[in-house]
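Notes follow once the structure below has been shown.
Chains as they are written, first to last, in this note's numbering: chain V, 34 to 335; chain L, 34 to 335.
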């Protein structure tokens, strides 16, 4: 048996682009002593308009990069589209635990909703997969999903506080709420089912009717990851193989897990992109809420 | 020497997505007896936000598919971004003549402009390449280029006649015209430097000031292709290898080239996509102006 190592564990975080940095931003304060390796498959983004087969192929390549080349012991799929369409394929392809964003989003919606009816906004591919509807159904929630394909380009254009974006959000939400009323739903929660959308949260909160709570799946996912990792984090045995973490499988909190009383430390973050690192470095800080530092270009062969 | 064959020649048309179908739509009436093979690299679109290296790699794979597997004897790169960033790479990779959309657009702008100052709207990658600026400079035109990243998603959302699209076009054009005035330009032509934009032409024409003519690079490219092919089209020798066509290198018009007096015939069009053929079949007709028929899925390995 190998001696325990004091190397902090590496958490791999994957997105098709930059949006998943909102999940990473939510993870850091919860797991400040972990090391993070983030990859954005920017050469092939956006996934939201592509087919299940293509998305699964792309997502598996990124997941394998994080595990095989970056030594990730735990993966967070910080992309709703990949979580919706490729979580099974990723879990089959790697031997470490994998957490997507859909289940935590549905769990947070369950906690927020009294009526049992929730709304979900997401990309085309996420909506067509009905992954949120299925995840909500297992929590006895009825979900109505709507694709909002213009919101990602608006965020990437930097129009996060623009009257045009406000008008587009109003149009999408009006359509969604009209559809909900027509099908007899009484929604009291709205799930942001895309990791770009937290940057539009102020405008979305202005546009939703009173009584509908906005749920950020980035926050929910980071909380779920910290909870699961909390049960697992301990000085690392080099020979230890990954195994699925069960939600109830908690162990004593280790030094890797942050708390309000943790001293301020510099979290180690390595960022990778499959296309233009300049663009990643320029735009990524908007999502991460701090400079992303130097980004390395990776060729996944696609 | 092989006997001449009467098989009509195949023209390969390539785009990152569906937009290039506007170029194909403009080609068909000009070359109604040619056969067309169109590929949309939909698994990896949009190219407009990606780097030169990645775009060149992707575009070459599609071009090789058209030549090697579909027997194309002439390629039209019906994508401004690929024309701007990958035309050289494509010409190096295949042995048939290759025509992009940038030069024809600049030539049409030269014909339309009296002041010698023109405006160009395009994707991020096309603008950053300054390919239009360079092509215009060879024609003694001064060009001011502007990236309009929201226009492609708006077309793909089907909002081609929507008040939000009108407002976004107004914002982009106001910024462009203000910048032109600030740099002392007196533009009298606006080039639509993206094959999605012809679907927005009515809204764009409403938004440009009087005295600025709108140039559709899809139309200009189809005219250039017909002119060049006109000089080349003749019963095909199977052993004939492709060679660059010079603009002045015209030969007598053959039966492949259409004219107003051509009898109505059914042009053969084969369409291929690297992702979801359903989406291509559903959206493609908007661009082609007729049903695209059955689309075949192609795996380029990316």
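Quick reminder that beta carbons are idealized off the backbone N, C-alpha and C, glycines included.
Which residues of chain L have a Cβ atom closer than 8 Å to the Cβ of residue i, listed in chain order?
i: residue 171 of chain V; result: None at all; the shortest Cβ gap to chain L is about 28 Å.
i: residue 156 of chain V; result: Result: empty, since nearest Cβ-Cβ is about 11 Å, beyond 8 Å.
i: residue 197 of chain V; result: 197, 200, 201, 204
Listing by chain order, which chain L residues have their CB less than 7 Å from the CB of residue i?
i: residue 87 of chain V; result: 76, 308
Short of 6 Å in beta carbon distance, which residues of its chain neighbour residue i, apart from the five on each side in sequence? Order them along the chain.
i: residue 317 of chain V; result: 51, 54, 325
i: residue 398 of chain L; result: The requested residue 398 of chain L is not part of the displayed model; chain L covers only 34 to 335.
i: residue 156 of chain V; result: 81, 114, 227
i: residue 219 of chain V; result: 148, 150
i: residue 328 of chain L; result: 304, 306, 310, 313, 314
i: residue 122 of chain L; result: 89, 93
i: residue 320 of chain V; result: 51, 54, 55
i: residue 162 of chain L; result: 117, 118
i: residue 254 of chain L; result: 56, 134, 137
i: residue 300 of chain L; result: 61, 65
i: residue 257 of chain L; result: 137
Check the Cβ of residue i against every Cβ in chain V and list those closer than 8 Å, keeping chain order.
i: residue 83 of chain L; result: 75, 76, 308, 309
i: residue 187 of chain L; result: 183
For residue i, write down the residues that DSSP places opposite it in a beta bridge.
i: residue 306 of chain L; result: L:73, L:330
i: residue 246 of chain V; result: V:222
i: residue 154 of chain L; result: L:179, L:225
i: residue 301 of chain L; result: L:68
i: residue 132 of chain V; result: V:109
Would residue i and residue j qualify as a contact pair, given that the criterion is a beta-carbon distance under 8 Å?
i: residue 158 of chain L; j: residue 88 of chain L; result: yes
i: residue 233 of chain V; j: residue 198 of chain V; result: yes
i: residue 113 of chain V; j: residue 226 of chain V; result: yes
i: residue 131 of chain V; j: residue 110 of chain V; result: yes
i: residue 147 of chain V; j: residue 160 of chain V; result: no
i: residue 331 of chain L; j: residue 98 of chain L; result: yes
i: residue 59 of chain V; j: residue 251 of chain V; result: yes
i: residue 168 of chain L; j: residue 204 of chain L; result: no
i: residue 202 of chain V; j: residue 242 of chain V; result: no
i: residue 100 of chain L; j: residue 129 of chain L; result: yes
i: residue 120 of chain L; j: residue 133 of chain L; result: yes
i: residue 47 of chain V; j: residue 304 of chain V; result: no
i: residue 248 of chain L; j: residue 115 of chain L; result: no
i: residue 184 of chain L; j: residue 240 of chain L; result: no
i: residue 65 of chain L; j: residue 186 of chain V; result: no
i: residue 259 of chain L; j: residue 86 of chain L; result: no
i: residue 222 of chain V; j: residue 237 of chain V; result: no
i: residue 177 of chain L; j: residue 213 of chain L; result: yes
i: residue 126 of chain L; j: residue 96 of chain L; result: yes
Starting from the C-beta of residue i, find all residues in its chain whose C-beta is less than 7 Å away, skip the five residues before and the five after it, and write them out in chain order.
i: residue 308 of chain V; result: 75, 76
i: residue 193 of chain V; result: 232, 233
i: residue 196 of chain V; result: none
i: residue 190 of chain L; result: none
Name the chain V residues that come within less than 9 Å of residue i, Cβ to Cβ?
i: residue 190 of chain L; result: 182, 183
Please return the same chain residues whose Cβ sits closer than 8 Å to the Cβ of residue i, not counting the five positions on each side in sequence.
i: residue 294 of chain V; result: Low per-residue confidence applies at residue 294 of chain V: pLDDT is 43, beneath 50, and the placement is therefore not dependable, though the value from the model is reported in the following sentence. Result list for residue 294 of chain V: empty, nothing under 8 Å.
i: residue 143 of chain L; result: 169, 172, 173, 174
i: residue 296 of chain V; result: Per-residue confidence for residue 296 of chain V stands at a pLDDT of 48, beneath the threshold of 50, marking its modelled position as unreliable; no derived number is given.
Do we get a CB-CB distance below 8 Å when we pair residue i with the residues of chain B?
i: residue 211 of chain L; result: Note that chain B does not occur in the displayed structure, where the protein chains are V and L.
Inset, instruction - Taking only runs that begin and end inside the segment 194–222 of chain V, name each unbroken alpha helix (DSSP H) of 4 or more residues, in chain order. - result: 196–215
Inset, instruction - Can you check the segment 44–125 of chain L for any alpha helix (DSSP H) of at least 4 residues that lies completely inside it and give the ranges in chain order? - result: 54–60, 85–97
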